[in-house]
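Under our numbering, residues 566 to 1402 are what the sequence shown spells out, in order.
Even for Gly, the Cβ is constructed at its ideal location relative to N, Cα and C.
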Amino acid sequence: MAIAEFELDGSLSHANDNFLALLGFTREEAVGRHHSSFCTPAFADSAEYRNFWPQLRDGKARTGLAERLRSDGSSCWLEATYTPVLDGQGKVRQILKIATDVTQRLRREQAQTEHLQRLSLVADGSSTAVVICDKDSRIVYVNNGFSRMFGWELAEVRGCLSVGLLSPQVSQEFTAQYLAALRAGQSVESEEIVTSKDGRRYWVKAASNPVATVGDWNYTVTTLTDITRSKMHEVLQHRVLEAMVRESPLSEVLELICREVEHISPEITAAILGVSEQGLLQPLVGPSLPEAYSRQLEGVAIGPAVGSCGTAAWRNETVCVDDIASDPLWDGYRHLVLPLGYVACWSTPVHNSLGRVVGTFAFYFKSPRVQAAQLFHQLMVDACVHLCALALEREHTRQRIRQLAFYDGLTGLPNRSLLQAKADQAIAMAERNNESLAVLFIDLDRFKQVNDSLGHPAGDELLRQIAARLRQGLRASDIAGRLSGDEFVAVLAQSDVAQTTELVERLMALLTAPVTVAGVALAASASIGIAMFPGDGRDMETLLHRADMAMYQAKSQGRGCSSFFSSEMNQLAQERLALETALRLAIQNRQLHLHYQPQVDMDSGRLCGVEALARWTHPELGEIPPARFIPLAEECGLVADLGHWALREACSQLSAWRAQGHEVPSVSVNLSPTSFHNLDLPRMIAKTLEANALQPEDLTLEITESVLLDTNPSTMKTIAEVHARGIRLAMDDFGTGYSSLSYLRRLPVNELKLDRSFVADLENDEAAQALSAAILGIGKSLHLTVVAEGVETSEQKSLLREQGYPVAQGYLFSRPLHPDAFGRWLEQRVEGDRRGP
């Protein structure tokens, strides 16, 4: 602290070392100098200075900032106090000066002020509200955007806590977290509801950033962006629409709207009423209203003076009642609501797509409505009313759909839902009366051919005519319905086996009578499966399932037939289900294995390749033939998995043989059309080949002619990409399926395989010989390799060689062999070649 003593004439009489060091004078230089010599010339010549010493001599102390000159001519700032010292008679005898150097502090403050001025210039050019606060969160600056949005000028809010000004209800915990984040140099972003000077509410996005000046955090710059409209849309519309997408019930959707409104504006109690076509009020939701109050509004007719809601629906316009106690619109109803503490009610009509009022959306208030908050409330109404309309419209549509949902739109027969309900009633009555009942499962024969040849409109017409014949053939007490496609069900009440047989025969006669569809006379027929209550089942699900099984039994008998369910049929179905489960586990647990059958050059006898064939040895059932489990895999959707497993296994085995020194040119794997539905198949094959160090030409994929009937759009695309990667394709069992030369021309196959059925008849059937020669000719003309399958005798081999077949496979050369056995077979052939003939 610098201390100096001055005489009454202003001359320095004494100074401590701090004073001398501060101004850079020696004691000899300083003592005796006049006070004005330490001042800047401007101050020394000013009127203020001329009054300075007279006031001190009069006993008046002076305190303040003062700029003083050092001995080198530089200036410094002192915070100085001049105190008159009195003698024993109370007269001023000396002036004592006590001073502190504040030069550095003032320079920092000046730099901060200049920085703040620059921030202010930027902020004033923005339409966004900007607030600059000091490190205590007290406002030091607001821009014009803030004043326009919230109504306060800088002079009104300078020094106020910013958080408390805009959000008076904010918690101390939030404020503490907010300040802690800023002190840590972190930005803080939040979305808050804030209140303006006149009580208007805004939903704002607030972003606060700490600003450092001269190395220290001194200011916080906060921007406030009005997001009221967008936030209303996000909070209300997004959540409500999401609930509707989830098919939430109407009450949940409407309650969500009310709860969200009450959360945003706690001063509001929200309620939604429906308005029936007869003009009656129907309380839908009012989660914060007493249930007893809502019940009293049930069935009240809308009118010109029926509270806020009934009147809004009657007028078809918004009705605002600010004083329920005195407004005549509430004359007959205020006794219901005033005891609940509500003093005002604002109701808006809700319209459907046709413009009819279908409901009202109401805000109840327990205190008079604040005028400035009306815009905020209006934005909520705008966001909610059309959501209410959408939810009510959806519910009305669902009700209409439910009315139509129990009948098939095409045939007019009860659909599955109504059929199930009626059948359950009939079964319950049959059980009470100890009566028999029959369930018929009716499936049209070759219905797909009608759709494929005459088109779906013709198929629909056929279904309508069949439905009409069912109605004609059944009794009034019977129930008929359509399940799906060409499947129908009939439930025959009070019908034993004899009566059921008679009625089925009558239905068969009706269903097989000629039908004219699209100008074409068709000979329709149906297969009917029959299950009897209570012998075949005691509930509709069981009876329907067993009637379905009986229907498939009827189809296997030649179609156009009927069949009663039997226990043997059920046993076969259970066995099939058990086998399907076992097959799934076998694929998962790698219980399947591959055998390999060689393909041999007809002239040289050399090995041309091998075909991989799946085999299954069940731990309990033993060997299960491919003819049994391959069709099962196709029926239960496992054939693609089976093919992918075989592909990986065969490639791995080919790689293993080659590592053992066996010369195996290639391997063939059978794939179903389903495998080609997977667009990722070419990549998977390429990855498998790469993993086993194989080339594309090392693999041949065998497909059957059924691929020609596969309508999946991915099939041909996948086949083409497989071929483009250099993988060979072979057409298996050629000539037995749906052969089409036009399709064969378009398919990128490299090989045809003559079916074993032709080879088996070669020795005794000239037609088989002619067909095999024709197939060979087709293959040669298309530059395809032709392989004869199922060669078992030397005579067959000779005939095929004479015709020119280059490659054959069959038991004559080798049965399908286990990989180890196939390795030994190769070694034996090599050894035989060494010994020679």
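Put residue i into one of helix, strand or coil per three-state DSSP.
| i | result |
| --- | --- |
| His1227 | coil |
| Leu821 | helix |
| Gln659 | strand |
| Val1069 | helix |
| Glu1200 | helix |
| Tyr858 | helix |
| Thr787 | strand |
| His1348 | coil |
| Phe590 | coil |
| Leu1312 | coil |
| Val779 | For Val779, the predicted structure reports a pLDDT of 49, less than 50, and the residue's modelled location is therefore unreliable. The matter cannot be settled from this model. |
| Gly710 | helix |
| Tyr1161 | strand |
| Tyr767 | strand |
| Phe584 | helix |
| Met1167 | coil |
| Val722 | helix |
Do residue i and residue j have their C-beta atoms within less than 9 angstroms of each other?
| i | j | result |
| --- | --- | --- |
| Val826 | Leu801 | yes |
| Thr790 | Val769 | yes |
| Lys1282 | Leu1244 | yes |
| Leu1019 | Val1085 | yes |
| Ala1055 | Leu1035 | yes |
| His600 | Gly624 | no |
| Arg627 | Thr646 | yes |
| Arg1040 | Leu1002 | no |
| Asp1008 | Lys1120 | yes |
| Gly924 | Gly839 | yes |
| Leu1109 | Val1004 | yes |
| Ala1215 | Met1105 | no |
| Arg1103 | Phe1130 | no |
| Glu1267 | Ala1285 | no |
| His1348 | Pro1313 | no |
Using the Cα positions of residue i and residue j, report the straight-line distance between them to the nearest angstrom.
| i | j | result |
| --- | --- | --- |
| Ile704 | Leu747 | 15 angstroms |
| Gly629 | Ala580 | 20 angstroms |
| Val1272 | Asn1235 | 12 angstroms |
| Glu820 | Thr913 | 17 angstroms |
| Val779 | Thr668 | Low confidence applies to Val779: its pLDDT is 49, below 50, so where it sits in the model is not reliable enough to give any reading. |
| Leu940 | Asn1277 | 57 angstroms |
| Ile966 | Ile1343 | 58 angstroms |
| Ser578 | Glu570 | 6 angstroms |
| Leu585 | Ala609 | 20 angstroms |
| Ser732 | Ala772 | 15 angstroms |
| Leu862 | Gly868 | 13 angstroms |
| Asp892 | Val886 | 7 angstroms |
| Pro831 | Gly851 | 14 angstroms |
| Pro1402 | Asp1298 | Here the model assigns Pro1402 a pLDDT of 48, short of 50, so the residue's position is not dependable, and the following value carries that caveat. Roughly 35 angstroms separates the two Cα atoms. |
| Val871 | Arg765 | 31 angstroms |
| Thr1253 | Asp1206 | 15 angstroms |
| Leu854 | Glu812 | 25 angstroms |
| Ile663 | Lys656 | 20 angstroms |
| Thr1146 | Ile1152 | 10 angstroms |
For my contact list, residue i and residue j are in at a C-beta cut-off of 8 angstroms; report their separation, rounded to the angstrom.
| i | j | result |
| --- | --- | --- |
| Glu572 | Gln659 | 7 angstroms |
| Tyr1161 | Phe1378 | Incorrect: roughly 12 angstroms between the Cβ atoms, too far for contact. |
| Gly1100 | Met1116 | Actually they do not touch by this definition, with Cβ atoms about 18 angstroms apart. |
Determine the extent of the beta strand (DSSP E) in which residue i is found, giving its start and end residues.
| i | result |
| --- | --- |
| Phe1129 | Ser1127 to Phe1129 |
| Gly874 | The question names Gly, yet the displayed sequence has Cys at residue 874. Note, Cys874: premise wrong, no beta strand (DSSP E); alpha helix (DSSP H) at Gly872 to Arg880. |
| Ala1003 | Leu1002 to Leu1009 |
| Lys1318 | Glu1316 to Leu1319 |
| His579 | Leu577 to Ala580 |
| Leu849 | Leu846 to Val850 |
| Val1054 | Glu1052 to Ala1058 |
Could you give the residue range of the alpha helix (DSSP H) that holds residue i?
| i | result |
| --- | --- |
| Asn616 | Ala612 to Arg622 |
| Leu1254 | Leu1246 to Ala1256 |
| His900 | Arg899 to Val902 |
| Gly1038 | His1021 to Gly1038 |
| Val805 | Arg804 to Val810 |
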